[in-house]
Amino acid sequence: MKIIVCVKQVPEIADVQIDPETGTLIREGVDSILNPFCEYAVEMALGIKRQHPETETVAMSMGPFQAKAALMRCLEMGIDRAVLLVDKRFAGADTWATALTLAEAIRTIESRFDLILAGKQAIDGDTAQVGPEISEILGIPEIMYGVGLELRNNKKKIRVTREIETGNEIVETRLPCLISVSKGPMIRSISSFQEILDARNKELRLVTADDLAMDAHKLGLKGSFTQVVKIFPPRVKKQGEIFDGSDAHAAAHKLTDFLSSRRFI
Amino acid sequence: MLSVDRDKCTGCNICEKVCPFGAIVVIDGKAQVQDNCTLCGACVTSCPVGALSIERRQIPQDELDAFSGVFIWGECEQRAETLIPKKVVKELLSQGRLLADKLHQDLTVITLGDHRLTGLDSLFAHEADRVIRCQHKLLGRYEPDSFTLVISAIITKYMPAVFLFGATPNGRELAPRIAARLRLGLTADCTGLDINEDGQLVQTRPAFGGNIMASIVSPFTRPQMATVRPNVFPLAQPNKPKKRRIDDFQISLSKALFRTKVVATHRLEADGEASIEDADVIVSAGRGCQNKENLSLIQELAVALGGVVAGSRAIVELDWIPHTKQVGQSGLTVAPQLYIAIGISGAIQHLVGISSARTVIAINNDPDAPIFKVADLGIVGNALEILPVLIRDLKNRASAPK
């Protein structure tokens, strides 16, 4: 069985700052990481591999050359090999062009797959659109917000526990399919020194638009259906009163006064 | 258009059976497409040999005007024995009305469901000009394959200019499925919508966790599709009802179309428990509460104030509370009158989820916590010491003679 995990490299959002004068993002000095939801997807693929050791796991990403680091992280975690779709013509892609490129790459160079896993969303764009778009392009069923899975019927079917608004539900579908992952194991395995060394010997293939025989007009910014026309800083709320709460009684008193003045009590 | 690869087609009849419109028939062992094909794609996803494909072209600029009307998905939820539109539909109605008026076009709600579908009359009292209803016994429960094809078919038939979905878990699954099927631009989780001088939908959304806002257009594809974040736009207010105009959309569906099947459902919320999305008062806990046991204090405070308990992504990951109570970018956007953040540092992704809260109180022992920047009242101190005193004071107050 072959599992493809689609992953994305993202900036560490917590460290992103806005230049107050230009209103643009200050990206310098901001670390890039493997998107946390993608990390869960990788963990889930490795969980299947632990149960079914013959499973082949492939991490795939589209991004600049630096995104190799995110794929190296996947290899260190235990993924067997990695594919980076890297080409200037891929740049500026919206979710549609991204999904189309990933789907074409899967179709062209990894066609015999059984399962595609993806993080439910990336923490930089937060669209959650690429997963369902890939499934639609490939014509396979999709289940979103997965938190656990179980292969059944001699690996022909899969049961996915997924989050829904009121709780959880278990959904069954046939393979091949795509599952987006929204939560992983609480304690993540830390790669050992040996795993980090091993990762360096694993295959990390670079793939360009020419390898996929895709027309340039379907790629990147040109192939995107949406266009960003303006970027601006969000409105900032005015800061209210700050009270020193080192005395618990004074703090509680302050709180009841405030709640009462706003008619909450 | 839909084309059949005659070399691949085995004449197996599956496409004929799954076509909701009877638009494909097998003649002399090969599938043939009829004129009433809506390009919904049901046959393409069911064909076992990949013999069917749809070629969709992008629309040249001068043909864009043929698309008219603002459509919204009237997502329904089950209440008792009925299916009624969710609260977010009223938010889409208020915003959709503004857009439709700017375009001088109609506002249409699309609802899918079975015989239990109800509450449509109230849509006409809340700004809707028309309802397109698709009723079928297999549409009683949201399921992505069937809903994708029905709405894709409705879009192909009615050709709206704008199509909005609530950015609910289902909306965020359905919209990209439809967008990819019909080859349309789609913008996720919008918090602002407007029409520009060219008549284009300008879709504004937070990016980079809420650090920055981006305005986005879809110049070449129609309808222009967006999912809209719940609890950001005001609810449509009841008006004098408009003339009742319901179009029934006929469809025949077979179970063969449904590739996913729900085998069990597990509710994490007690029956009748208010969703944090609808709550007026929320007491929300973060990692600063130190352990799961301390959440009893949060619960007591919530009860004393008539509110509900919620929390940050950090404590959902620690399994202190279920994901149904997570506030923030990857959880829910809330819009309470009062939000009390206890031991929450206030990462930007969390602040995005409470930007619609009217009043924010924060208690945190770190004076530099970003949560204080958005708090109307910030208490720098140890919540675990302050809360017992506060809860006792509130209880005394409640029992004191007025």
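Keeping their order, the protein sequence lines are chains A and B.
Numbering follows the working numbering, in which position 192 of the first sequence is assigned residue number 192; successive positions increment by one, without gaps.
Add 265 to the 1-based position in the second sequence for the working numbering, that's all there is to it.
All residues carry an ideal CB built from backbone N, CA and C; glycine is no exception.
Since the model is a prediction, treat every value here as computed from it, not as a measurement.
Check                                                                                                                       : Outcome
C-alpha distance - A:Gly240 paired with A:Asp211, whole-angstrom precision                                                  : 57 Å
Check whether B:Arg398 and B:Thr376 have beta carbons under 7 Å apart                                                       : yes
Cβ pair B:Arg442, B:Thr492 closer than 7 Å                                                                                  : no
With 16 other Cβ atoms within 10 Å as the buried cut-off, status of A:Phe232                                                : exposed
Any chain B beta carbon closer than 7 Å to A:Pro36                                                                          : no
Sequence ranges, alpha helix (DSSP H) only - wholly within the segment 140 to 207 of chain A, length at least 4             : 193 to 200
Those runs of the alpha helix (DSSP H) which lie wholly inside the segment 22 to 54 of chain A and span at least 4 residues : 36 to 51
Interface positions of the segment 126 to 147 of chain A facing chain B (Cβ-Cβ less than 9 Å), listed along the chain       : Asp126, Thr127, Ala128, Gln129, Val130, Gly131, Pro132, Glu133, Ile134, Ser135, Glu136, Ile137, Gly139, Ile140, Pro141, Glu142, Ile143, Met144, Tyr145 and Val147
Beta-carbon separation (whole angstroms), B:Ile419 vs B:Phe514, contact threshold 8 Å                                       : 6 Å
Min CB distance B:Phe473 to chain A below 7 Å                                                                               : yes
Own chain partners of B:Gln489 with C-beta closer than 6 Å, once the 5 adjacent residues on each side are dropped           : Val427, Leu466 and Ser483
Buried/exposed call for B:Asp454, threshold 16 Cβ in 10 Å                                                                   : buried
Length of the line joining the Cα atoms of A:Arg162 and A:Leu259                                                            : 39 Å
3 or more residues per run - each beta strand (DSSP E) lying fully within the segment 278 to 339 of chain B                 : 289 to 292, 295 to 298, 317 to 319 and 335 to 338
Contact list for B:Ala479 against chain A, beta-carbon separation under 9 Å                                                 : Val228, Val229, Lys230, Ile231 and Phe232
A:Pro11 beta carbon less than 7 Å from that of A:Asp126                                                                     : no
Exposed unless 16 or more other CB atoms sit within 10 angstroms - verdict on A:Ile266                                      : Outside the shown range of chain A (1 to 265) lies residue 266 of chain A, about which nothing can therefore be said.
Alpha-carbon to alpha-carbon, B:Trp338 and B:Arg381                                                                         : 17 Å
Interface positions of the segment 248 to 259 of chain A facing chain B (Cβ-Cβ less than 8 Å), listed along the chain       : Ala248, His249, Ala251, Ala252, His253, Lys254, Leu255, Thr256, Phe258 and Leu259
At least 3 beta-carbon pairs within less than 8 Å: the segment 215 to 228 of chain A vs the segment 605 to 618 of chain B   : no
Pick from B:Val309, B:Asp658 and B:Val290 that is closest to B:Asn301, judged by C-alpha positions                          : B:Val290
Beta-carbon gap between B:Cys341 and B:Cys308 smaller than 7 Å                                                              : no
Interface positions of the segment 153 to 175 of chain A facing chain B (Cβ-Cβ less than 8 Å), listed along the chain       : Arg159, Glu163, Ile164, Glu165, Thr166, Gly167, Asn168, Glu169, Ile170, Val171, Glu172, Thr173 and Arg174
C-alpha distance - B:Gln614 paired with A:Arg89, whole-angstrom precision                                                   : 31 Å
Element boundaries [alpha helix (DSSP H), containing A:Asp292]                                                              : The structure shown does not extend to residue 292 of chain A, since chain A spans only 1 to 265, so no value can be given for it.
Within-7 Å CB hit, A:Gln239 to chain B                                                                                      : yes
Closer than 8 Å at the beta carbon, the chain B residues around A:Ile3                                                      : Those do not exist, as A:Ile3 stays about 19 Å from chain B at its closest Cβ, beyond 8 Å.
Classification of B:Ala665 by the beta-carbon crowding that lies within 10 angstroms, buried from 16 upward                 : exposed
Residues of the segment 72 to 104 of chain A with Cβ closer than 8 Å to any Cβ of chain B, in chain order                   : Asp94, Thr95, Trp96 and Ala99
Alpha-carbon to alpha-carbon, A:Tyr40 and A:Arg263                                                                          : 44 Å
7 Å Cβ cutoff met for B:Arg446 and B:Gly306                                                                                 : yes
Whole-angstrom distance between B:Leu603 and B:Ala569, CA atom to CA atom                                                   : 13 Å
Beta-carbon proximity of B:Ala575 to B:Ile605, cut-off 7 Å                                                                  : no
Chain A contacts made by the segment 276 to 308 of chain B, where a contact means CB separation under 8 Å                   : none
Sheet register partners of A:Lys2 (DSSP bridge)                                                                             : A:Glu56
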